[in-house]
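A.B. asks:
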Amino acid sequence: MNWDHARFFLAVARSGQILAAARQLGVDHATVSRRISALEEALRTKLLERRTAGCTLTSAGERFLAIAERVESEMLQAEAEVSAADLELEGTVRVGAPDGLGNYFLASELAQLARQHPRLTIQLVPLPRSFSLSKREADIAVTIDRPSRGRVVVKKLADYDLHVYASRRHLETFGPISCVADLADRCLVTYVEDLLYSAALDYAEELRRHMPIRYECASVAAQLEAVLSGQSIGILHGYAARKYPELVPVLPEMSFQRTYWITAHEDVRDLRRVAVVHEFIARRVEEQRPLFMAR
Numbered sequence: 004m005n006w007d008h009a010r011f012f013l014a015v016a017r018s019g020q021i022l023a024a025a026r027q028l029g030v031d032h033a034t035v036s037r038r039i040s041a042l043e044e045a046l047r048t049k050l051l052e053r054r055t056a057g058c059t060l061t062s063a064g065e066r067f068l069a070i071a072e073r074v075e076s077e078m079l080q081a082e083a084e085v086s087a088a089d090l091e092l093e094g095t096v097r098v099g100a101p102d103g104l105g106n107y108f109l110a111s112e113l114a115q116l117a118r119q120h121p122r123l124t125i126q127l128v129p130l131p132r133s134f135s136l137s138k139r140e141a142d143i144a145v146t147i148d149r150p151s152r153g154r155v156v157v158k159k160l161a162d163y164d165l166h167v168y169a170s171r172r173h174l175e176t177f178g179p180i181s182c183v184a185d186l187a188d189r190c191l192v193t194y195v196e197d198l199l200y201s202a203a204l205d206y207a208e209e210l211r212r213h214m215p216i217r218y219e220c221a222s223v224a225a226q227l228e229a230v231l232s233g234q235s236i237g238i239l240h241g242y243a244a245r246k247y248p249e250l251v252p253v254l255p256e257m258s259f260q261r262t263y264w265i266t267a268h269e270d271v272r273d274l275r276r277v278a279v280v281h282e283f284i285a286r287r288v289e290e291q292r293p294l295f296m297a298r
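My numbering numbers the first residue of the sequence shown as 4 and each following residue consecutively.
1. Comparing C-alpha positions only, which one of 156, 278, 129 sits nearest to residue 315?
2. Residue 266 to residue 294, Cα distance in whole Å?
3. Roughly how many whole angstroms lie between the Cα atoms of residue 10 and residue 111?
4. Could you give the residue range of the alpha helix (DSSP H) that holds residue 147?
5. Under 9 Å between the Cβ atoms of residue 194 and residue 203?
6. Span of the alpha helix (DSSP H) holding residue 290?
7. I'd like the ranges of any alpha helix (DSSP H) spanning at least 4 consecutive residues and lying wholly in the stretch 220 to 246.
8. Check whether the Cβ atoms of residue 218 and residue 235 sit closer than 9 Å, and answer yes or no.
9. Going by DSSP, what residues sit across from residue 161 in a beta bridge?
10. Could I get the ranges of all uninterrupted alpha helix (DSSP H) runs contained in the stretch 94 to 132, with 4 residues as the minimum, in chain order?
11. For the stretch 155 to 164 against the stretch 236 to 252, do three or more pairs of beta-carbon atoms, one drawn from each stretch, fall closer than 8 Å, so that the two count as touching?
12. Note down, in chain order, each residue of its chain lying with its Cβ closer than 6 Å to the Cβ of residue 41, except the 5 sequence neighbours on either side.
13. If you compare alpha carbons, which of 223, 198, 232, 180 is closest to residue 210?
14. Thinking C-alpha only, which one of 290, 286, 269, 297 is nearest residue 76?
15. Quick one: what's got a C-beta closer than 6 Å to residue 120's C-beta in the same chain, skipping five residues either side?
16. From residue 20 to residue 256, what distance separates their C-alpha atoms?
17. Report buried or exposed for residue 296, applying the criterion of at least 16 other Cβ atoms within 10 angstroms of its Cβ.
18. If we ignore side chains and look at the alpha-carbon of each, how far apart do residue 284 and residue 118 end up?
19. What span of residues does the alpha helix (DSSP H) with residue 175 cover, start to end?
20. Can residue 123 and residue 276 be called in contact, C-beta distance under 9 Å?
21. Would residue 156 pass as a contact of residue 99 if the rule is Cβ separation under 9 Å?
22. For residue 52, which three-state DSSP category applies?
23. Given that a residue counts as buried once 16 or more other Cβ atoms are within 10 Å of its Cβ, and exposed if not, what is residue 214?
24. Quick check: what's the CA-CA separation for residue 186 versus residue 252?
25. What span of residues does the alpha helix (DSSP H) with residue 13 cover, start to end?
26. Less than 9 Å separating the beta-carbons of residue 71 and residue 127?
27. How big is the Cα-Cα spacing for residue 28 and residue 183?
28. Report back the beta-carbon spacing between residue 192 and residue 143 to the nearest angstrom; my notes put them in contact at under 8 Å.
29. Quick check: residue 125 and residue 263, are their CB atoms within less than 9 Å of each other?
30. Under the rule that 16 or more other beta-carbon atoms within 10 Å means buried, what is residue 216, buried or exposed?
31. On the DSSP bridge list, what partners appear for residue 32?
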């Protein structure tokens with residue numbers, strides 16, 4: 004059996020779609036279909052049920068998936084143990100992060116690392132509402148909830164603060180904010196409530212009681228832009244808002260603290276390329292800790 008065929012099978016099994024697997028592998032869907040067919044012919048059994056909505060595993064496919072994942076894990080471990088430390092880094096490392104940290108910290112930091120290693124591809128992707136390190140949807144994940152399941156290595160990355168912010172233009176137009184009573188006619192920008200993927204993101208409840216006018220945005224970037232426009236006030240990540248002199252913290256008694264965790268799957272944590280990116284993120288956050296928690 005050709006192991007490379009199994010690599011294509013793993014991509015389809017994890018994504019549930021031949022087209023999605025093709026995009027991940029950088030080939031066309033016909034190539035993926037051909038490789039799966041060749042694998043099924045070699046094993047003399049059907050591994051996938053192909054349907055319009057995607058692919059599902061047969062019982063044989065379920066059994067083969069477990070075997071293929073064990074082999075993949077051993078091959079990754081072998082790569083980690085024998086790869087030469089003095090060779091130039093190459094390959095791909097995918098980092099998943101919340102859009103706030105991704106847009107306002109990691110985007111610029113990881114660009115520096117990419118310039119240092121021209122043969123290394125670093126992918127920064129926003130974390131969806133659910134994701135799986137075991138399905139290789141990311142090699143490294145930064146989350147706001149501490150992962151408690153799976154074969155993962157977890158480390159606390161940093162605490163960070165959030166405050167209520169308004170723009171100087173907003174305060175000039177609508178007046179100063181010195182107490183919660185001043186919020187009655189203001190517009191609050193918050194997350195879309197039914198899209199919250201973590202209870203840690205629901206920090207606007209106290210403000211909602213005082214502010215009937217609400218505007219909901221699903222991303223940190225959109226919320227920050229709404230506050231910058233002067234039309235809204237919002238609870239923003241301090242490390243993002245402090246980049247903009249136009250933004251002013253108000254109601255200092257209403258501050259919040261959350262935590263970022265950095266996680267990698269046990270199978271890839273010791274791969275040199277993954278370890279280098281993981282350590283770089285941890286070091287750069289540590290070096291800029293005052294950015295995340297104002298004193």
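We put the beta carbon where it would ideally sit given N, CA and C, even for glycine.
Small disclaimer: the values here were computed from a predicted structure and weren't measured.
C.D. replies: In short:
1. The requested residue 315 is not part of the displayed model; the chain covers only 4 to 298.
2. 21 Å
3. 33 Å
4. Residue 147 -> no alpha helix (DSSP H), and no H or E assigned at all.
5. Taking 9 Å as the Cβ cut-off, residue 194 and residue 203 do not qualify as a contacting pair.
6. Its alpha helix (DSSP H) spans residues 275 to 290.
7. 223 to 231, 241 to 244
8. yes
9. Partner(s): 263.
10. Qualifying alpha helix (DSSP H) stretches, in chain order: 110 to 119.
11. Output reads yes: the stretch 236 to 252 touches the stretch 155 to 164.
12. Excluding five sequence positions before and after residue 41, the CB atoms of its chain that fall closer than 6 Å to its own CB belong to 8, given in chain order.
13. Checking every option, the nearest Cα to that of residue 210 belongs to 180.
14. 269
15. 92
16. 49 Å
17. exposed
18. Cα to Cα, residue 284 sits roughly 15 Å from residue 118.
19. 171 to 177
20. yes
21. Not a contact, by the Cβ cut-off of 9 Å.
22. strand
23. buried
24. Across the structure, residue 186 and residue 252 are spaced so that their CA atoms are roughly 14 Å apart.
25. Annotation for residue 13: the continuous alpha helix (DSSP H) segment containing it runs 6 to 18.
26. Going by C-beta atoms, residue 71 is not nearer than 9 Å to residue 127.
27. 53 Å
28. No, residue 192 and residue 143 are not in contact; Cβ-Cβ is about 30 Å, not under 8 Å.
29. no
30. exposed
31. According to DSSP, which records beta bridges pairwise, residue 32 is partnered with nothing at all.
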